[in-house]
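Enquirer:
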Amino acid sequence: MSSVQHQVQKKGSLMEEILDSREISVQKCYQCGKCSAGCPVAEDMDYPPSVIMRMVQTEDKAMEEAALRSMTIWLCVTCETCAARCPMEIDIPGVMDYLRQRSYEKGMANPKANHIISFHKAFLDSIDYTGRLYELGLIVDYKMRSFQLQQDVDLAPGMIARGKLGFFPELIKGRKNMTDIFRKTLHKKGGLK
Amino acid sequence: MARIGVFICHCGENISATVDCAKVANTIAKINGVAYSTDYKYMCSDPGQTLIKDAIREKHLTGVVVAACSPRMHEPTFRKAVAEAGLNSFLCEMANLREHVSWVHEKAESTTQKAIDIVRTLVEKVKKNQPLDPIKVPVTKRAVVIGGGVAGIQAALDIANCGHEVVMIEREPSIGGHMSQLSETFPTLDCSQCILTPRMVEVAQHPNITLYTYAEVIGLEGFIGNFKVKVRKKSKSLDEDLCTGCGLCTTKCPVKKIPSEFEQGLGFRPAIYVPFPQAVPNKPVIDRINCTYYTKGKCRVCEKVCPTKAIRFDQEDEIVDIEAGALVLATGFNILKTNFFPEYGYGKYKDVIDGLQFERLASASGPTLGEIRRPSDGKVPEKIVFVACAGSRDPAKGIEYCSKICCMYTAKHAMLYKHKVHNGEAYVFYMDIRAGGKNYEEFVRRAIAEDDAKYVRGRVSTIYERDGKLIVKGADTLLNGRPVEIEADMVVLATAGIANHGAEELAQTLHVSYDAYKFFAEAHPKLKPVETNTAGIFLAGACQAPKDIPESVAAASGAAVKVAALFSNDELTRDPLVAVVNRFGPPLFSTCVGCFMCQPVCPYQAIEKEEIKDRAGNVFKVLAKVNPGLCQGCGTCVALCRSKSIDIYGYTNQQVYQEVVALLNE
Numbered sequence: 011m012s013s014v015q016h017q018v019q020k021k022g023s024l025m026e027e028i029l030d031s032r033e034i035s036v037q038k039c040y041q042c043g044k045c046s047a048g049c050p051v052a053e054d055m056d057y058p059p060s061v062i063m064r065m066v067q068t069e070d071k072a073m074e075e076a077a078l079r080s081m082t083i084w085l086c087v088t089c090e091t092c093a094a095r096c097p098m099e100i101d102i103p104g105v106m107d108y109l110r111q112r113s114y115e116k117g118m119a120n121p122k123a124n125h126i127i128s129f130h131k132a133f134l135d136s137i138d139y140t141g142r143l144y145e146l147g148l149i150v151d152y153k154m155r156s157f158q159l160q161q162d163v164d165l166a167p168g169m170i171a172r173g174k175l176g177f178f179p180e181l182i183k184g185r186k187n188m189t190d191i192f193r194k195t196l197h198k199k200g201g202l203k
Numbered sequence: 007m008a009r010i011g012v013f014i015c016h017c018g019e020n021i022s023a024t025v026d027c028a029k030v031a032n033t034i035a036k037i038n039g040v041a042y043s044t045d046y047k048y049m050c051s052d053p054g055q056t057l058i059k060d061a062i063r064e065k066h067l068t069g070v071v072v073a074a075c076s077p078r079m080h081e082p083t084f085r086k087a088v089a090e091a092g093l094n095s096f097l098c099e100m101a102n103l104r105e106h107v108s109w110v111h112e113k114a115e116s117t118t119q120k121a122i123d124i125v126r127t128l129v130e131k132v133k134k135n136q137p138l139d140p141i142k143v144p145v146t147k148r149a150v151v152i153g154g155g156v157a158g159i160q161a162a163l164d165i166a167n168c169g170h171e172v173v174m175i176e177r178e179p180s181i182g183g184h185m186s187q188l189s190e191t192f193p194t195l196d197c198s199q200c201i202l203t204p205r206m207v208e209v210a211q212h213p214n215i216t217l218y219t220y221a222e223v224i225g226l227e228g229f230i231g232n233f234k235v236k237v238r239k240k241s242k243s244l245d246e247d248l249c250t251g252c253g254l255c256t257t258k259c260p261v262k263k264i265p266s267e268f269e270q271g272l273g274f275r276p277a278i279y280v281p282f283p284q285a286v287p288n289k290p291v292i293d294r295i296n297c298t299y300y301t302k303g304k305c306r307v308c309e310k311v312c313p314t315k316a317i318r319f320d321q322e323d324e325i326v327d328i329e330a331g332a333l334v335l336a337t338g339f340n341i342l343k344t345n346f347f348p349e350y351g352y353g354k355y356k357d358v359i360d361g362l363q364f365e366r367l368a369s370a371s372g373p374t375l376g377e378i379r380r381p382s383d384g385k386v387p388e389k390i391v392f393v394a395c396a397g398s399r400d401p402a403k404g405i406e407y408c409s410k411i412c413c414m415y416t417a418k419h420a421m422l423y424k425h426k427v428h429n430g431e432a433y434v435f436y437m438d439i440r441a442g443g444k445n446y447e448e449f450v451r452r453a454i455a456e457d458d459a460k461y462v463r464g465r466v467s468t469i470y471e472r473d474g475k476l477i478v479k480g481a482d483t484l485l486n487g488r489p490v491e492i493e494a495d496m497v498v499l500a501t502a503g504i505a506n507h508g509a510e511e512l513a514q515t516l517h518v519s520y521d522a523y524k525f526f527a528e529a530h531p532k533l534k535p536v537e538t539n540t541a542g543i544f545l546a547g548a549c550q551a552p553k554d555i556p557e558s559v560a561a562a563s564g565a566a567v568k569v570a571a572l573f574s575n576d577e578l579t580r581d582p583l584v585a586v587v588n589r590f591g592p593p594l595f596s597t598c599v600g601c602f603m604c605q606p607v608c609p610y611q612a613i614e615k616e617e618i619k620d621r622a623g624n625v626f627k628v629l630a631k632v633n634p635g636l637c638q639g640c641g642t643c644v645a646l647c648r649s650k651s652i653d654i655y656g657y658t659n660q661q662v663y664q665e666v667v668a669l670l671n672e
């Protein structure tokens, strides 16, 4: 009756990796397109989320590389609309997250995504040093990394006036623990930085 | 003086949307002889019928016209209602305002006028209607089931278990049909033979079932309740009473390399053979086309080795007439062979096979004992491509319909392959996945998610050979038509399900209608799915359209119930709308001149000769006479009669004349 799970040779495909490391079955996707239909940033993506899923499904090296080099995975804001609506209950943001990680590790990240990666790094720096988000630090860090000095500066006065940009970081109590977490995870070989 | 009641139905909005029903009723009310005329939203509803019945009683009506839908559906309804009110049911006529007027015309003054004209002609006709009595005919309580596949088996067992005699006629040497060839069945993956063979044995052993295998229907006479089926029992060259089925002859037969029909050409059989080990009856037949004795005049090895001396080389075909009250057609379907697809390797590649061949490869009793080995060199294929919709949904190839079973059996094939060859890769090219059915969608998803069948949405364009591999060229339409090229070891085409060979000839023999694809046609697609247009002949299984096993079995049980219902009466009543040759008192007796031109044109052999004798017993006149039991009221004889001596009850010359006059004299 029920099918048996046999010891099958691994193909080394992204789909297998995602299933093994994140327990997300991309195989289950039946290409209904609901994720792409509801994605708030799909218009700006080079491939809609459902196509990324299909590319991973093919287990074809060229297709996998195209997915890893795509802008889609970096534009995904992990809003989870797709996951909430997916009829097969596939954690699509989880797939995007995995693809981002692999893309970065393999140096395949889309060149247009450099600013976005800078922002991710700046954000993590802020958490690493202060244990929480330090807005001004994040901005300065991001601008130093990306050289986007003029970006959004006109927003600053308003935010300062409303107390949204503190000049000093608010530190958490267990900063050491936070640093340990970062050391154990990100600062390992192959992590960000 | 006629007192006609006219009832105009709105049919919800079906008629009233384009026809002014109230105006029709008012105009008709003014016609001479119309005693009552009204309109109502649903005449066929209970209040509608009550309206008619009350009017008949209160207004003392002598005839009724119901202007509504086609008489096909509701004429019996209204005639029954009229009869309940005490009027002869044949004094009720229907005017078809829906199919003939409202559905085919726009709303306009002229549409309403057409409706008025149609009702008017019927009013004039009804004035000339005569009360008629139904014809009673006896019922032979024996059913003939044609075809011994799963549908035929189910129908035969159901009818036999109701206590009626059944004769099953199977063309092949064994019953079992396609289901006996299958490996495992979707969506439960239970073994096909394990569930079928006990039913086959039950048929053979049932006291109410007579089994004729290797036999064909070659003629049908008669009508519902009283059919005479002519069957040719092909010679098996064997005395079946003496044969014990020991099988010695089949092992000694020197001709061994005949491609087996049962194994779909993947295995061989001798010239004297039993199609498969579980065959019912398990007795061999001699294939005279391949037998050395019949082709070269010598051999007779089987005769020498037979311990019971059962071989009969001089046995001839036997023609049997079976009297039956009903027939069930369960002749099944077939599949297109791979040579239908030149682009997929027509006649070139042994490893391009069809779905039924794959079933044999996967079957534990098949030529490979259930191992998936490709036909060309017997190697286990490492990569198989399954092509769905091979021929189906392809107007260019003349098959527009969906074959319905392929999506499911392809998923099953991919699953079976993965279960048997764990490291194999199964690709499925599909256009849509049509998995409507209990647990069907879940089954397909399991094939994809758990058994790793790689589904690619797109149609394969071509298959060719390169370095011992079959190159399958397709496209992934979910990736903007990205070309996909797969180097496969074997390709399985899910070829279209088609009408069985000989279906058209059989339909013509039995006077059963069939569609453009030679599948037998049901009487009504929704409400009469197992009936044919010929009363007393029913349909079961895939002879009607491609069907899977559960559907075939359900249809077979449905047909069996129809037969049992028919047999629940000792007599049948039929509408008396039959032809009649007029008769008078002497000395004229009839206007018939006895030319008998009517006799050869009658499609039902209903015209007989009647001898008119004088008092001394001398024949002085021979007149035509219609057997009302056989006559179907087609009217061909009426058209041909030179002396205008034949009339059809319900459509007499006078009635039709009145209708025409009514139209002319506005």
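Protein sequence lines correspond, in order, to chains W and A.
Read in our numbering, the first sequence has 165 at position 155, and its numbers run on one by one without any break.
Read in our numbering, the second sequence has 12 at position 6, and its numbers run on one by one without any break.
Glycine included, each C-beta is placed from N, C-alpha and C at the ideal position.
What residues from chain W crowd round Asn232(A), counting only those whose CB sits closer than 8 angstroms?
Expert: Within chain W, no residue comes near Asn232(A); the closest Cβ sits about 49 angstroms away, beyond 8 angstroms.
Enquirer: With Phe129(W) as the anchor, note down where its alpha helix (DSSP H) starts and where it stops.
Expert: Phe129(W) -> alpha helix (DSSP H) spans Asn124 to Thr140.
Enquirer: So, does the CB of Asn445(A) fall closer than 8 angstroms to a CB anywhere in chain W?
Expert: No, because no Cβ of chain W sits closer than 8 angstroms to the Cβ of Asn445(A).
Enquirer: List the residues of chain A that Met65(W) touches, going by C-beta distances under 8 angstroms, in chain order.
Expert: Per Cβ cutoff of 8 angstroms: Leu485.
Enquirer: What does Gln160(W) reach in chain A if we use C-beta pairs closer than 9 angstroms?
Expert: Ordered by position in chain A, no residue passes the 9 angstroms Cβ test against Gln160(W), which lies about 38 angstroms from the chain.
Enquirer: Using the three-state DSSP reduction, which class does Arg32(W) fall into: helix, strand or coil?
Expert: Helix, per DSSP.
Enquirer: Interface residues of chain W around Ala455(A) at Cβ under 8 angstroms?
Expert: Under the 8 angstroms cutoff, chain W gives Ser35, Gln37 and Lys38.
Enquirer: Does Tyr42(A) come out as helix, strand or coil in the three-state DSSP assignment?
Expert: The answer is strand: DSSP assigns Tyr42(A) an E or B state.
Enquirer: Could you compute how far the alpha carbon of Asp438(A) sits from the alpha carbon of Ser186(A)?
Expert: So the two alpha carbons sit approximately 28 angstroms from each other.
Enquirer: Report buried or exposed for Phe177(W), applying the criterion of at least 16 other Cβ atoms within 10 angstroms of its Cβ.
Expert: Looking at its Cβ environment, which holds fewer than 16 other Cβ atoms inside 10 Å, Phe177(W) is exposed.
Enquirer: Taking the alpha carbon of Glu672(A) as the reference point, which residue from Lys65(A), His66(A) and Thr127(A) has its own alpha carbon closest?
Expert: For Glu672(A), the nearest C-alpha among the options comes from Thr127(A).
Enquirer: Is Val466(A) closer than 8 angstroms to Lys475(A) when the C-beta atoms are compared?
Expert: No.
Enquirer: Looking at Val143(A) and Arg580(A), is the spacing between their C-beta atoms short of 8 angstroms?
Expert: Contact flag set, yes.
Enquirer: For the alpha helix (DSSP H) containing Arg85(A), list its first residue and its last residue.
Expert: Pro77 to Glu90 is the extent of the alpha helix (DSSP H) around Arg85(A).
Enquirer: Would you call the CB atoms of Ser60(W) and Gly43(W) closer than 8 angstroms?
Expert: A contact, by the Cβ cut-off of 8 angstroms.
Enquirer: Measure the CB-CB distance between Thr68(A) and Arg9(A) and report whether it falls below 8 angstroms.
Expert: Against a cut-off of 8 angstroms, the Cβ pair of Arg9(A) and Thr68(A) comes out as a contact.
Enquirer: In angstroms, rounded to a whole number, what distance separates the CA positions of Thr337(A) and Gly547(A)?
Expert: Distance between the alpha carbons of Thr337(A) and Gly547(A): 8 angstroms.
Enquirer: Indicate the three-state DSSP secondary structure (helix, strand or coil) for Lys475(A) in the structure shown.
Expert: Note: Lys475(A) maps to strand in three-state DSSP.
Enquirer: Quick check: is the beta carbon of Asp576(A) nearer than 8 angstroms to any beta carbon in chain W?
Expert: So, not an interface residue.
Enquirer: Taking C-beta to C-beta, are Gly397(A) and Thr501(A) nearer than 8 angstroms?
Expert: Contact flag set, yes.
Enquirer: For a test of the three-state rule: what should DSSP assign to Phe229(A), helix, strand or coil?
Expert: Phe229(A) falls in the strand class under three-state DSSP.
Enquirer: Along chain W, in chain order, which residues have C-beta atoms closer than 8 angstroms to that of Asp482(A)?
Expert: Those are Arg64 and Thr68, listed as they occur along chain W.
Enquirer: Comparing alpha-carbon positions, which option in Ile137(W), Leu78(W) and Asn124(W) lies nearest Ile191(W)?
Expert: That would be Ile137(W), whose Cα lies nearest to the Cα of Ile191(W).
Enquirer: When you compare the CB positions of Glu2(A) and Glu130(A), do they come within less than 8 angstroms of one another, or not?
Expert: It is not possible to answer for residue 2(A), since the shown part of chain A is limited to 7 through 672.
Enquirer: If you compare alpha carbons, which of Phe602(A), Tyr610(A), Pro313(A) and Ala101(A) is closest to Leu244(A)?
Expert: The shortest Cα separation from Leu244(A) among Phe602(A), Tyr610(A), Pro313(A) and Ala101(A) belongs to Pro313(A).
Enquirer: Could I get the ranges of all uninterrupted beta strand (DSSP E) runs contained in the segment 278–365 of chain A, with 3 residues as the minimum, in chain order?
Expert: List check, beta strand (DSSP E) in window: 324–330, 332–335, 339–341 and 358–360.
Enquirer: Let me know if Val14(W) comes out buried or exposed under the rule of 16 or more other beta-carbons within 10 Å of its beta-carbon.
Expert: Low confidence applies to Val14(W): its pLDDT is 48, below 50, so where it sits in the model is not reliable, and the reading given next is rough at best. By the neighbour-count rule (16 or more Cβ atoms within 10 Å), Val14(W) is not buried but exposed.
Enquirer: Would Gly361(A) and His419(A) qualify as a contact pair, given that the criterion is a beta-carbon distance under 8 angstroms?
Expert: Yes, Cβ-Cβ distance for Gly361(A) and His419(A) is below 8 angstroms.
Enquirer: Can you tell me whether Ala114(A) is buried or exposed? The criterion is at least 16 other CB atoms within 10 Å of its CB, across all chains shown.
Expert: Answer is exposed; the Cβ neighbour count stays below 16.
Enquirer: With 16 as the cutoff for other CB atoms within 10 Å, does Tyr663(A) come out buried or exposed?
Expert: Result: exposed.
Enquirer: For Gly508(A) and Ile224(A), what's the separation of their Cα atoms in angstroms?
Expert: C-alpha separation (whole angstroms): 11 angstroms.
Enquirer: For Gln111(W), would you say it is in contact with chain A, using Cβ-to-Cβ distances shorter than 8 angstroms as the test?
Expert: Taking Cβ atoms only, chain A never reaches closer than 8 angstroms to Gln111(W), which makes this a no.
Enquirer: Could you check where the beta strand (DSSP E) with Ala645(A) kicks off and where it finishes?
Expert: Premise fails: Ala645(A) lies in the alpha helix (DSSP H), Thr642 to Leu646, not in any beta strand (DSSP E).
Enquirer: What residue range is occupied by the uninterrupted beta strand (DSSP E) comprising Cys395(A)?
Expert: Unbroken beta strand (DSSP E) run through Cys395(A): Lys389 to Ala396.
Enquirer: Below 8 angstroms on the Cβ atoms is my contact criterion, and I expect Cys9(W) with Met106(W) to pass it. Report the Cβ-Cβ distance as a whole number of Å.
Expert: Outside the displayed range of chain W (11 to 203) lies residue 9(W), so it cannot be described from this structure.
Enquirer: Would Val105(W) pass as an interface residue toward chain A - the criterion being a Cβ-Cβ separation below 8 angstroms?
Expert: Not closer than 8 angstroms to any Cβ of chain A, the Cβ of Val105(W) fails to qualify, so no.
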